[in-house]
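So for the sequence shown, UniProt numbering puts the first residue at 1; every next one is plus one. The structure appears below as structure tokens.
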Amino acid sequence: MALLPIEARVPDGARGGAELSKGGYSMAGFPGGRLRWLWRSLASRLALLAIVFLAVPVLIYDQFQRADTTTQTLLLQSAQRQGELIARALEPDLSRANRAALPQLGPILRRFADGNTRLKLLVRPRALAGNNLMGSDGFYYVAASPSVPTDDLDAERHQLLEQGVLDRLGASCAGNEPLALRLPRSSGGYEILTSVTPINTAFGCWALVTSHTAGGYLDSSLGRPYWSTPVVQAAAMIYVVMAALVMAVLLGVWRNLHRFGDLARDIVSGGIGEGGQGSFTNRNTVPELSGVAEDFDRLVDTLRESARSLRRAAEDNAHAYKTPIAVIRQSVEPLRRSLSAGDNRSQRALTMIEKSVDKLDGLVSFGRRMDEAAADLLVPPRRRVDLSDLVERMAGGYTSLLAERQLHMRSRIESGVVVRASEDILETVIENLVENAVSFSPPDGTVSVRLTRNGAWAELVVEDEGPGVDPANLARIFERYFSQREPGRGMPEDAAAQNQAEATHFGIGLWIVRRNIEAFGGKVHAENRPTGGLRMTVTLAVA
């Protein structure tokens with residue numbers, strides 16, 4: 001039997017309200033450590049990546065827009081030069097034009113037009129210079145190629161008037177006006193007005209309007225918002241798809257890790273048994289994490305099998321040792337009766353044998369409790385336990401012991417407090433706390449047991465009116481093998497007749513309390529009462 005099993009190291013609990021950390025460290029309290037934690041955290045990297053994905057389009061959009069503005073300027077200049085070349089080519093025909101020749105200008109324009117380029121010709125005759133039509137209203141459309149409905153021509157003429165283009169042309173019939181206007185057509189769709197070129201002849205002031213269809217002018221953003229151009233939309237779509245894929249990969253890993261964490265908590269809490277959905281492999285959705293999930297499953301199975309083996313070994317070893325101990329104890333009594341009353345030396349030898357057997361019996365029970373405590377730490381069994389009913393029943397079971405020690409019990413137990421734990425382990429915890437309080441209480445003292453619910457936590461408080469604990473030792477009373485009992489302190493001597501293991505104190509009672517409570521995610525701490533005595537407080541999460 002392993003009397004000193006390997007200890008599963010966990011941080012020590014709170015001592016007198018102050019938490020001590022052993023067997024590990026936390027970087028949260030150090031600035032450098034916190035920065036390292038933030039950098040290594042998957043959540044931090046995911047947030048940083050999201051910020052980058054949001055910031056990059058904002059930073060480059062302005063630069064791309066400036067480049068697009070430059071491109072638009074170059075395109076307008078190109079269109080302007082194209083309009084000027086067509087105007088120079090038309091100038092000989094327009095120089096010979098008169099009122100009778102106006103209907104023949106349409107076929108002339110068709111020589112320079114194509115599927116994407118549209119030409120329109122306006123004129124302000126000099127014959128109108130003497131009346132009030134000399135201004136911008138004196139311009140009239142006389143030809144278009146391809147032919148354009150009258151409604152479209154009127155709409156375009158009004159737009160040129162509103163923008164003051166015809167006013168500037170009418171003032172001197174000079175100057176070139178590059179524009180970028182989206183003009184709706186009655187047949188549907190838009191065309192882009194790119195330039196207006198003036199031509200001054202004897203007949204009057206001509207204005208050649210060169211425009212291009214919105215879909216055919218080099219697929220540029222000319223005349224429409226920059227973000228609506230095909231190139232920008234395609235780039236934005238690629239960027240969005242890339243960002244979505246990266247975020248989906250990280251979120252998939254993140255969600256899978258959360259599923260692993262939820263399953264681990266369910267396994268620890270006893271909410272999921274072996275196999276089925278209690279497997280990390282079945283919960284995994286990322287193929288690359290399959291090996292990790294299988295390793296986790298093997299680890300859980302190993303821990304469960306180790307816990308079962310420890311419990312079986314503890315029971316088998318205790319039974320194997322208890323049988324010869326009982327035989328020795330029974331064999332001593334006939335020897336004592338066969339000795340004469342005057343044989344003091346033999347009587348003392350038998351007394352030493354009996355005390356050694358009692359101590360050996362206590363060591364066997366102690367070893368069994370240690371093995372069971374280690375097994376409970378590996379795989380603590382958890383189920384819903386009505387802590388109110390359990391504390392009330394156990395408090396009532398100490399009536400005879402309290403009467404024998406001339407003590408009083410004061411209990412205040414709130415009903416309906418349910419936790420998720422093991423009822424057997426909680427019985428051991430309550431038993432050790434109450435018996436510890438009883439063993440240190442003076443005659444006519446009071447042991448107080450209080451159970452309340454504080455938000456999401458259940459609080460069990462056990463108080464006594466004993467001498468308390470030296471403040472220097474408050475941090476040590478939950479350590480294994482530590483005991484500051486004075487000779488004669490402890491449970492009554494006749495209790496040993498019922499359980500020899502309890503007659504010998506090895507300093508593991510409160511250690512078992514702390515380890516069992518922490519295995520269920522709770523805390524326990526001790527503090528001296530201002531009025532004297534010790535207060536033990538146990539907190540467990542409410543189910």
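Heads up, the beta-carbon is just placed ideally off N, CA and C, and yes, glycines get one too.
Bounding residues of the alpha helix (DSSP H) (the contiguous stretch that carries residue i)
i	result
serine 400	399-404
valine 312	As written in the sequence, residue 312 is arginine, which differs from the valine given in the question. Where arginine 312 is concerned, the enclosing alpha helix (DSSP H) stretches over 290-338.
leucine 160	150-162
valine 429	423-440
proline 107	105-110
threonine 281	280-283
Cβ distance (whole Å) where residue i is taken to contact residue j below 8 Å
i	j	result
residue 550	threonine 197	In the structure as shown, the chain begins at 1 and stops at 543. Residue 550 is therefore absent and cannot be evaluated.
valine 538	valine 364	With a Cβ gap of about 28 Å, valine 538 and valine 364 do not count as contacting.
alanine 437	serine 411	With a Cβ gap of about 12 Å, alanine 437 and serine 411 do not count as contacting.
leucine 407	glycine 466	11 Å between Cβ atoms; not a contact.
leucine 540	alanine 458	5 Å
serine 95	threonine 201	5 Å
valine 447	valine 434	7 Å
asparagine 432	valine 513	5 Å
alanine 543	valine 419	5 Å
isoleucine 199	alanine 87	5 Å
leucine 387	leucine 451	7 Å
isoleucine 413	glutamate 392	5 Å
threonine 69	histidine 212	Not a contact, Cβ separation roughly 18 Å.
leucine 49	leucine 251	Not quite, the Cβ-Cβ distance comes to about 11 Å (not below 8 Å), so this is no contact.
alanine 67	phenylalanine 139	In fact, because the Cβ distance is near 36 Å, the residues do not count as touching under 8 Å.
Enclosing beta strand (DSSP E) for residue i [first to last residue]
i	result
valine 385	383-386
isoleucine 413	408-413
residue 544	This structure does not reach residue 544, given that the chain is present from 1 up to 543, and the question cannot be answered.
alanine 475	No beta strand (DSSP E) holds alanine 475; DSSP gives it neither H nor E.
valine 513	First-last for valine 513: 509-519, but that is the alpha helix (DSSP H), not the beta strand (DSSP E).
threonine 446	446-454
leucine 121	117-125
serine 145	140-145
valine 538	534-541
alanine 526	523-528
Beta-carbon contacts of residue i that lie in its chain and below 7 Å, excluding the five residues immediately before and after
i	result
aspartate 494	Because aspartate 494 carries a pLDDT of 40, less than 50, the predicted location of this residue cannot be relied on, and the following value inherits that uncertainty. Nothing listed; no residue qualifies.
valine 372	Checking the displayed sequence, the identity of residue 372 turns out to be glutamate instead of valine. Once the five neighbours on either side are set aside, the close Cβ partners of glutamate 372 are Arg311, Ala314.
glutamine 82	Thr210
valine 530	A quick correction: the sequence has proline, not valine, at residue 530. Cβ neighbours of proline 530 beyond the five flanking positions: none.
alanine 320	none
glycine 532	Glu465, Gly468
Cβ neighbours of residue i in the same chain (closer than 6 Å, five flanking residues each side left out)
i	result
arginine 126	Gly204
arginine 336	Leu350
histidine 158	none
proline 443	Gln406
serine 346	Leu339
Contacts around residue i, its chain only, beta-carbon distance under 8 Å, and the 5 residues preceding and following it disregarded
i	result
serine 290	Thr281, Asn284
asparagine 132	In this predicted model, asparagine 132 has a pLDDT of only 42, less than 50, meaning its place in the structure is not dependable; the value taken from the coordinates is given anyway. Result list for asparagine 132: empty, nothing under 8 Å.
arginine 110	Ser145, Pro146
asparagine 528	Gly16, Gly468, Val469, Pro471, Leu474, Leu534, Arg535
isoleucine 325	Val357, Leu360, Asp361, Val364
aspartate 389	none
phenylalanine 112	Ile86, Ala89, Leu90, Leu119, Ser145
isoleucine 353	Ile328, Val332
leucine 153	Lys120, Tyr141, Ala144
May I ask you to verify whether the region 323-334 touches the region 295-306, counting CB pairs closer than 8 Å and requiring at least 3?
-> Judged by Cβ distances under 8 Å, the region 323-334 makes no contact with the region 295-306, as fewer than three pairs qualify.
Touch test, the region 253-263 against the region 276-290, Cβ-Cβ under 8 Å, three pairs minimum | Put simply, the region 253-263 touches the region 276-290. At least three CB pairs are less than 8 Å apart.
Three CB pairs or more closer than 8 Å across the region 239-254 and the region 103-123 = With a cut-off of 8 Å, the region 103-123 and the region 239-254 do not count as touching, because too few Cβ pairs lie within range.
Between the region 140-149 and the region 98-113, are three or more C-beta pairs nearer than 8 Å?
-> Short answer: they touch.
Ignoring anything shorter than 4 residues or poking outside the region 31-87, list the alpha helix (DSSP H) runs there in chain order.
-> Here the runs fully enclosed are 31-40.
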